[in-house]
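In what follows, a single structure is set out as C-alpha cells and then discussed.
Protein chains: 2
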Amino acid sequence: MDPATAIPLLESLASAIRLDAYRLLMRSGPDGMVAGEIASALGLPPTNLSFHLKAMTHAGLLAVEQEGRFQRYRANLALMQELVAYLTEECCGGNPELCAIPRAAGRAKRTAIASARTGLRRSS
Amino acid sequence: MDPATAIPLLESLASAIRLDAYRLLMRSGPDGMVAGEIASALGLPPTNLSFHLKAMTHAGLLAVEQEGRFQRYRANLALMQELVAYLTEECCGGNPELCAIPRAAGRAKRTAIASARTGLRRSS
DNA sequence: TCAATGCTTCAACTTCTGTTGAACGGTTGC
DNA sequence: GCAACCGTTCAACAGAAGTTGAAGCATTGA
Numbered sequence: 062m063d064p065a066t067a068i069p070l071l072e073s074l075a076s077a078i079r080l081d082a083y084r085l086l087m088r089s090g091p092d093g094m095v096a097g098e099i100a101s102a103l104g105l106p107p108t109n110l111s112f113h114l115k116a117m118t119h120a121g122l123l124a125v126e127q128e129g130r131f132q133r134y135r136a137n138l139a140l141m142q143e144l145v146a147y148l149t150e151e152c153c154g155g156n157p158e159l160c161a162i163p164r165a166a167g168r169a170k171r172t173a174i175a176s177a178r179t180g181l182r183r184s185s
Numbered sequence: 062m063d064p065a066t067a068i069p070l071l072e073s074l075a076s077a078i079r080l081d082a083y084r085l086l087m088r089s090g091p092d093g094m095v096a097g098e099i100a101s102a103l104g105l106p107p108t109n110l111s112f113h114l115k116a117m118t119h120a121g122l123l124a125v126e127q128e129g130r131f132q133r134y135r136a137n138l139a140l141m142q143e144l145v146a147y148l149t150e151e152c153c154g155g156n157p158e159l160c161a162i163p164r165a166a167g168r169a170k171r172t173a174i175a176s177a178r179t180g181l182r183r184s185s
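As C-alpha cells, then:
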C-alpha cells in the first residue's frame, strides 16, 4: 500500500460516525447490515448516514449490495488489514519491536540517517 | 485505546503533508528533525508546516523539544503502535486471521446476528 | 546592544466537510 | 396500477480545515 491509497482510508476512519459504522459492520461479520439497521443502531438520520456510507464505500472500506429494496453493507476486512500492515511498516520500518524502546537503544540503527543530516545536534 | 483517542490520531495521519511528515520523522529515528529540515525535505513554507506540526503534536503523535533557536520534532512511535493495535482489534476483533477469509467460512459465527434480522436474504 | 536567524502566531481568505430537509428512483405488496 | 417503503441524491447552509503573508518572540553571534 502507498500513501495515496492509505490517506482516503484514514480519512474514512477519522470521524466518529464512520469509525462507529465500520466497527459495527466489522462486528456483524460477513452478513453485514442493511442501511436502516445501521441508522437505527447509530441513531442517525438516513441522509446523514447515507453520506458517510457512500464516502466509506468510495474509499473501498465498505462493500454494498442491493437486496430487494434494501442496501446491505459489509466491512472490507482485507483492506483494513492492508492498512494496518502499512501503518505497522510506517511506524517502525517493519520492526514493531523498535517502537516503544528508550532512545539510547536505537543508536546503532540510526547512524546512517544521522550522518546524512547537516550536523545539527542537541547540546549533548 | 478508545475511539475518542484514536480519532485525533487518524485525523492527524489523514493528510498527505502530515503523513509524509510522520514518515520522515519515523525514519529519522530517535534524533528526530528540526522544523527547518522537515520544511525543506517536504518543500513546504514554514507557516504551513508549523500549522501541521502543531496539530500532530497536539494529537500526541509528535514530541517537540526546544534546542537553542531550533525546534526538534520526534515521532511518538509508542502511540503509533497503540493505534495499530487498536485498529487490529477493530478490524477483526483481535483475530487478524479472520479478516480475509471467504464469506462462507464465517457462517457459524454469524448465526446469532442473522437470526436477529427479519429474514431478508440474497436470492441465492 | 543589535542585526540575523528560526520558528510560531495571528488574521484573512479559500476550500473542504458535515448536516439537514425536500425531492427523487427503485422495489414491494395490495 | 398505486400506495408504502427504503435509501439515495440534491441544494443550501454552517462550521472546520488548510493556506498564505505579515508580524511577533526567542535565541544566536558579532
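Same order as they appear, the protein sequences are chains R and X.
Counting from 62, one number per residue, gives the positions in the first sequence under my numbering.
Counting from 62, one number per residue, gives the positions in the second sequence under my numbering.
Glycine included, each C-beta is placed from N, C-alpha and C at the ideal position.
Query, Result
"Chain-order list of residues whose beta-carbon lies under 7 Å from that of R/Glu143 (same chain, five-residue window excluded)", "Met62"
"Reduced DSSP category for X/Met62 - H, G, I as helix; E, B as strand; rest coil", "coil"
"Span of the alpha helix (DSSP H) around X/Arg88", "77-88"
"Strand pairing of R/Leu123, partner residues [DSSP]", "R/Ala136"
"Cα-Cα separation, R/Arg130 to R/Pro107", "15 Å"
"Residue(s) in a DSSP beta bridge with X/Met94", "X/Tyr134"
"Secondary structure of X/Leu144, DSSP reduced to three states", "helix"
"Cβ pair X/Ala75, R/Leu71 closer than 7 Å", "yes"
"CB contact below 7 Å: X/Arg164 versus chain R", "Note that X/Arg164 scores a pLDDT of 38, beneath 50, so its modelled location is shaky; the value from the coordinates is reported in the next line. Closer than 7 Å to some Cβ of chain R, the Cβ of X/Arg164 qualifies, so yes."
"Within chain R, partners of X/Val145 - CB distance below 7 Å", "Val145, Leu148, Thr149, Cys152"
"Rounded C-alpha distance that separates R/Leu140 from X/Gly97", "36 Å"
"Buried or exposed (CB count within 10 angstroms, at least 16 for buried), R/Arg88", "exposed"
"Where X/Ile68 meets chain R, residues with beta-carbon distance less than 9 Å", "Leu74, Ala75, Ser76, Ala77, Leu80"
"Residues in the segment 118-133 of chain X having any Cβ partner in chain R nearer than 9 Å", "Glu126, Glu128, Gly129, Phe131, Arg133"
"Proximity of X/Gly93 and X/Leu103 at Cβ, strictly below 7 Å", "no"
"CA-to-CA distance, X/Arg84 to R/Glu151, given in whole angstroms", "6 Å"
"Contact set between the segment 104-118 of chain X and chain R, restricted to residues whose Cβ is under 7 Å from the partner", "none"
"Beta-ladder partner(s) of X/Glu128, from DSSP", "X/Phe131"
"Residue nearest to R/Gly90 in terms of C-alpha spacing, selected from R/Ala124, R/Leu105, R/Pro64", "R/Ala124"
"Proximity below 7 Å, CB of R/His113 to CB of R/Ile68", "no"
"Three-state secondary structure (DSSP) of X/Pro69", "helix"
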